[in-house]
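**Student:** The structure's right below; bear with me while I get my questions together.
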Ligand code: NAI
Ligand code: MG
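Numbering (our numbering), first residue to last: 1 to 489.
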């Protein structure tokens, strides 16, 4: 067991250029930017800074591959085999990829190895199996006609992803797009480009034809915006902040691109008085602090029945105060740094606001150490619905505990948010659980669990938490167009 506590070896950085038309190329401008290690605030590598010129090259390659490469003629089942092959190659170097993810993002390597990477492999395999199961229908129309539908790939898709689950977001985006037969231009987050670039090389080794997958690292307002505005792109799939989605919607309106969004949340996590309080406390802790609190579905509004409030909060405080922070590459670390200075500053601002607005900070509330973007696990009690820490997405290790008395009041308050990504309830009352699931307006409801994900289960948001769904069969739909064919008999 002792060996499992040693830090993992520093992973190699093998790819830092743009991946366009099957080749590694510098940005046309020759520019590069630094990707940083958030645990040390040191540069890991310089990465090609793609912009409009590189996006244009990548879109042209993707268009060519969509229209006239081996890709457009390949049998669906063989398309699936390529995706299986990519999943196998990722699995073969799963330890090194987990370390690279931990280095670039700051997440504990044990989380990357136990959660992110297995989900990546599973997601790709799930969609590999979909490639030959995308079917149309025969339609009974009036008259002497034969009418049927074909499900065709939507075309060239632009995919813009965030930094909180870098490789997993690649898998969620590439899996259904490739299964459907689309071609891809991806812009990874500027904070975490390294694992996405490695995946591009593995896709090349798996045998995807040139131009099917292109990756252009760079910044949002330059590379990202160019991808959204490019007339050669049919669809944008975006995960990130709702404000960015608003910009993307405006920028995409010119060409009326198809859009899917997976955005933020302020998800209610509700503890009823009859819950198993130990299990609920462990799940509530995990549901907020997992991934340094950088989860779109973080259970950041913890509503506790006033009858069990004090004993429950004591448990939450103890769990947060004993969480182990440290080097993400150390296998015993439970919490690493936030991804960058901007996120660190945002979180510290909200901790200050919580204090100013009258919440009681039970534990944490400060920076941890003097190097790296570490924030102590922080729990606020006596939080009220109007406080900033109860309304805004903090995206950090800051938990807000709110009290409630009555069921009806609870349901109203749970829904009193512009977001609707996830919600959870802890109870032994099955009737209450189903009523909660029915009445809370959110895309995912967890009962007596939190953050349970599966490639087969759709995920996405109501209200300002998103548009469309990812994962599962529903996740295929945005990557297909339906074509109706009618033949006179
Ligand atoms: P962001 O939404 O700005 O970035 C996500 C991706 O969008 C990145 O690849 C970025 O380069 C790109 N992007 C930014 N501006 C763009 C534009 N004008 N056109 C096209 N692409 C653009 O998120 P950011 O700034 O990294 O984080 C800010 C806040 O957003 C976080 O504090 C958190 O609250 C929320 N967020 C939510 C995520 C989620 O999973 N729902 C993920 C990341 C951030
Ligand atoms: Mg931003």
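All C-beta atoms in this analysis are idealised placements derived from N, C-alpha and C, irrespective of residue type, glycine included.
I'd like the list of long-range same chain contacts for residue 139, defined as Cβ closer than 6 angstroms, with 5 residues on each side in sequence excluded.
**Tutor:** Start at 1 with the first residue of the chain shown, and residue 139 comes out as number 139. Here the set comprises 147.
**Student:** Looking only at its chain, what residues have a beta carbon closer than 7 angstroms to the beta carbon of residue 273, apart from the 5 residues adjacent to it on each side?
**Tutor:** If you number the chain shown from 1, residue 273 lands on position 273. Same-chain partners within the cutoff: 305, 307, 308.
**Student:** Below 8 angstroms between beta carbons: does that hold for residue 162 and residue 193?
**Tutor:** Here the question's residue 162 lines up with position 162 in the chain shown. Here the question's residue 193 lines up with position 193 in the chain shown. It is not a contact, given that the beta carbons lie outside the stated cut-off.
**Student:** Shorter than 7 angstroms, the distance from the beta carbon of residue 183 to the closest heavy atom of ligand 2, or not?
**Tutor:** Translated into the one-based positions of the chain shown, residue 183 becomes position 183. No, since every heavy atom of ligand 2 falls outside the 7 angstroms radius drawn around the Cβ of residue 183.
**Student:** How do the segment 417 to 433 and the segment 443 to 451 stand: do at least 3 beta-carbon pairs fall below 8 angstroms, yes or no?
**Tutor:** Flag = yes, the segment 417 to 433 and the segment 443 to 451 touch.
**Student:** Starting from residue 449, follow its DSSP beta bridges and name the residues at the other end.
**Tutor:** In the chain shown, the residue the question calls residue 449 occupies position 449. According to DSSP, which records beta bridges pairwise, residue 449 is partnered with nothing at all.
**Student:** With C-beta atoms as the reference, is residue 422 less than 8 angstroms away from residue 390?
**Tutor:** Mapped onto the chain shown, residue 422 falls at position 422. Mapped onto the chain shown, residue 390 falls at position 390. No, the pair does not count as a contact, with Cβ atoms beyond the cut-off.
**Student:** Do the CB positions of residue 111 and residue 291 come within less than 8 angstroms of each other?
**Tutor:** Numbered from its first residue, the chain shown carries residue 111 at position 111. Numbered from its first residue, the chain shown carries residue 291 at position 291. In this structure, residue 291 lies closer than 8 angstroms to residue 111 by Cβ.
**Student:** Quick check on the DSSP output: the alpha helix (DSSP H) that includes residue 288 runs from which residue to which?
**Tutor:** Locating residue 288 in the chain shown gives position 288, where the first residue counts as 1. Per DSSP, residue 288 belongs to the alpha helix (DSSP H) from 277 to 289.
**Student:** Could you spell out where the beta strand (DSSP E) holding residue 491 opens and where it closes?
**Tutor:** Here the chain has residues from 1 to 489 only, and residue 491 is not among them.
**Student:** Going by other Cβ atoms of all chains shown within 10 Å of its Cβ, with 16 needed for buried, is residue 418 buried or exposed?
**Tutor:** If you number the chain shown from 1, residue 418 lands on position 418. Residue 418 is exposed by the Cβ-count criterion.
**Student:** Please state if the CB of residue 281 and the CB of residue 325 are separated by a distance shorter than 8 angstroms.
**Tutor:** Against the chain shown, residue 325 aligns to sequence position 325. Against the chain shown, residue 281 aligns to sequence position 281. Taking 8 angstroms as the Cβ cut-off, residue 325 and residue 281 do not qualify as a contacting pair.
**Student:** Kindly give me the distance between the Cβ atoms of residue 303 and residue 433, rounded to whole angstroms, as I take these residues to be in contact under 8 angstroms.
**Tutor:** Here residue 303 refers to the residue found at position 303 when the chain shown is read from its first residue. Here residue 433 refers to the residue found at position 433 when the chain shown is read from its first residue. The Cβ separation is near 15 angstroms, so there is no contact.
**Student:** How big is the Cα-Cα spacing for residue 73 and residue 44?
**Tutor:** To locate residue 73, count along the chain shown from 1; it is residue 73. To locate residue 44, count along the chain shown from 1; it is residue 44. About 41 angstroms.
**Student:** Taking DSSP's pairing of strands, which residues face residue 268 in a bridge?
**Tutor:** Here residue 268 is taken as the residue at index 268 of the chain shown, counted from 1. In the DSSP output, where bridge partners are listed per residue, residue 268 has 301.
**Student:** Measuring only the C-alpha atoms, how far is residue 369 from residue 483?
**Tutor:** Here residue 369 refers to the residue found at position 369 when the chain shown is read from its first residue. Here residue 483 refers to the residue found at position 483 when the chain shown is read from its first residue. So the alpha carbons of these two residues sit roughly 58 angstroms apart.
**Student:** Looking at residue 323 and residue 289, is the spacing between their C-beta atoms short of 8 angstroms?
**Tutor:** Along the chain shown, read from residue 1 onward, the residue named residue 289 stands at position 289. Along the chain shown, read from residue 1 onward, the residue named residue 323 stands at position 323. In contact: residue 289 and residue 323 (Cβ atoms closer than 8 angstroms).
**Student:** Under 7 angstroms Cβ to Cβ from residue 22, same chain only, skipping five residues before and after it: list those, please.
**Tutor:** For this step, residue 22 is matched to residue 22 along the chain shown. Answer for residue 22: 204, 210, 211, listed in chain order.
**Student:** Which term fits residue 113, buried or exposed, when burial requires 16 or more other beta carbons within 10 angstroms of its beta carbon?
**Tutor:** On the chain shown, position 113 is the one that residue 113 refers to. Classification for residue 113: buried.
**Student:** Where in the segment 157 to 205 do unbroken runs of the beta strand (DSSP E), each at least 3 residues long, occur, reported from the N-terminal end onward?
**Tutor:** Segments of the beta strand (DSSP E) lying fully in the segment 157 to 205: 183 to 187.
**Student:** To which residues does DSSP link residue 73 through a beta bridge?
**Tutor:** As a working mapping, residue 73 is identified with position 73 in the chain shown. Paired residue(s): none; residue 73 is not in a bridge.
**Student:** Only counting runs of 3 or more residues, tell me where the beta strand (DSSP E) segments fall wholly within the segment 132 to 156, in order along the chain.
**Tutor:** For the segment 132 to 156, whole beta strand (DSSP E) runs of length 3 or above, ordered along the chain, are 145 to 153.
**Student:** Could you check if residue 35 is buried or exposed, using at least 16 other CB atoms within 10 Å of its CB as the buried criterion?
**Tutor:** As a position in the chain shown, residue 35 is number 35, starting the count at 1. Residue 35 is buried by the Cβ-count criterion.
**Student:** On the DSSP letters alone, give me the boundaries of the alpha helix (DSSP H) that residue 252 sits inside.
**Tutor:** Walking along the chain shown from the start, residue 252 turns up at place 252. 242 to 253 is the extent of the alpha helix (DSSP H) around residue 252.
**Student:** Does residue 10 come out as helix, strand or coil in the three-state DSSP assignment?
**Tutor:** In the chain shown, counting from the first residue as 1, residue 10 sits at position 10. Note: residue 10 maps to coil in three-state DSSP.
**Student:** Within this structure, are the beta carbons of residue 294 and residue 395 separated by less than 8 angstroms?
**Tutor:** Counting from 1 along the chain shown, the entry for residue 294 is found at position 294. Counting from 1 along the chain shown, the entry for residue 395 is found at position 395. In this structure, residue 395 lies closer than 8 angstroms to residue 294 by Cβ.
**Student:** Less than 8 angstroms separating the beta-carbons of residue 378 and residue 363?
**Tutor:** Along the chain shown, one-based indexing puts residue 378 at 378. Along the chain shown, one-based indexing puts residue 363 at 363. The answer is yes: Cβ separation under 8 angstroms.
**Student:** Does the distance from the C-beta atom of residue 262 to that of residue 472 stay below 8 angstroms?
**Tutor:** Residue 262 sits at position 262 when you count from the first residue of the chain shown. Residue 472 sits at position 472 when you count from the first residue of the chain shown. Taking 8 angstroms as the Cβ cut-off, residue 262 and residue 472 do not qualify as a contacting pair.
**Student:** When burial is assigned at 16 or more other CB atoms within 10 Å of the CB, is residue 141 buried or exposed?
**Tutor:** For this step, residue 141 is matched to residue 141 along the chain shown. Residue 141 comes out exposed.
**Student:** Going by DSSP in three states, residue 345 sits in which element: helix, strand or coil?
**Tutor:** Numbered from its first residue, the chain shown carries residue 345 at position 345. In this structure, residue 345 counts as helix in the three-state DSSP scheme.
**Student:** Output the boundary residues of the beta strand (DSSP E) element that contains residue 402.
**Tutor:** Position 402 of the chain shown, counting from 1, holds the residue named residue 402. It spans 398 to 404 - the beta strand (DSSP E) in which residue 402 sits, taken as one unbroken run.
**Student:** Report the three-state DSSP secondary structure of residue 388 (helix, strand or coil).
**Tutor:** For this step, residue 388 is matched to residue 388 along the chain shown. Note: residue 388 maps to helix in three-state DSSP.
**Student:** Would you mind reading off the limits of the beta strand (DSSP E) that contains residue 42?
**Tutor:** For this step, residue 42 is matched to residue 42 along the chain shown. 42 to 48 is the extent of the beta strand (DSSP E) around residue 42.
**Student:** If residue 336 sits next to residue 108, beta carbons under 8 angstroms apart, how far is it from one beta carbon to the other, in whole angstroms?
**Tutor:** Sequence index remark: in the chain shown, residue 336 carries index 336 (1-based). Sequence index remark: in the chain shown, residue 108 carries index 108 (1-based). At roughly 5 angstroms, the Cβ-Cβ gap stays under 8 angstroms, so residue 336 and residue 108 are in contact.
**Student:** So does the segment 121 to 131 actually touch the segment 345 to 365, counting three or more Cβ pairs closer than 8 angstroms?
**Tutor:** Taking 8 angstroms as the limit for Cβ pairs, the verdict is that the segment 345 to 365 does not touch the segment 121 to 131.
**Student:** List the DSSP bridge partners of residue 237.
**Tutor:** Within the chain shown, the letter at position 237 stands for residue 237. Paired residue(s): 159, 260.
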